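Going left to right, the sequence shown walks through residues 0 to 80 as numbering that gives the first Met the number 0 numbers them. To start, the structure itself, in structure tokens.
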Amino acid sequence: MRKYAAGLSIVLTLISISPLFFNAIDEWLVQIFSVSFLASLILGLYAKKSIWRKLALWFLSLVFLVLVLFFVVMTLLWNEP
């Protein structure tokens with residue numbers, strides 16, 4: 000399991016960002032995002048130390064930073080009373 004955990008982490012990260020491509024954020028899509036993102040983090044940390052583990056954790060952190068920065072920037076720019 001540890002051998003393939005990094006690959007599964009990358010796949011789950013792609014699944015977690017897939018609702019953003021549908022352009023329809025519903026409640027169940029947010030649940031899919033949160034569960035698969037958490038599962039990919041756990042699998043990325045559980046994976047055997049290799050280049051795939053580093054790639055999975057970098058990809059996961061990049062996705063997280065892009066999403067957080069997007070919402071921070073949108074909050075600052077569109078802060079209407």
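Ideal placement from N, C-alpha and C gives every residue a C-beta, glycine not left out. These figures come from a predicted structure and were not determined experimentally.
- Segment contact: the stretch 13-33 against the stretch 67-79, fewer than three CB-CB distances shorter than 8 Å; contact not assigned.
- DSSP, read as helix, strand or coil, puts TRP27 in helix.
- The Cβ atoms of SER35 and SER60 lie no closer than 8 Å to each other.
- Considering only MET0, VAL67 and ILE41, the residue with the shortest C-alpha distance to LEU11 is ILE41.
- Residue nearest to GLY43 within the set LEU66, LEU64 and LEU56 is LEU56 (criterion: CA-CA distance).
- The residues ARG1, ALA4, ALA5, SER8, ARG52 and ALA55, in chain order, have a CB closer than 7 Å to that of ALA46 in the same chain once the five nearest residues on each side in sequence are set aside.
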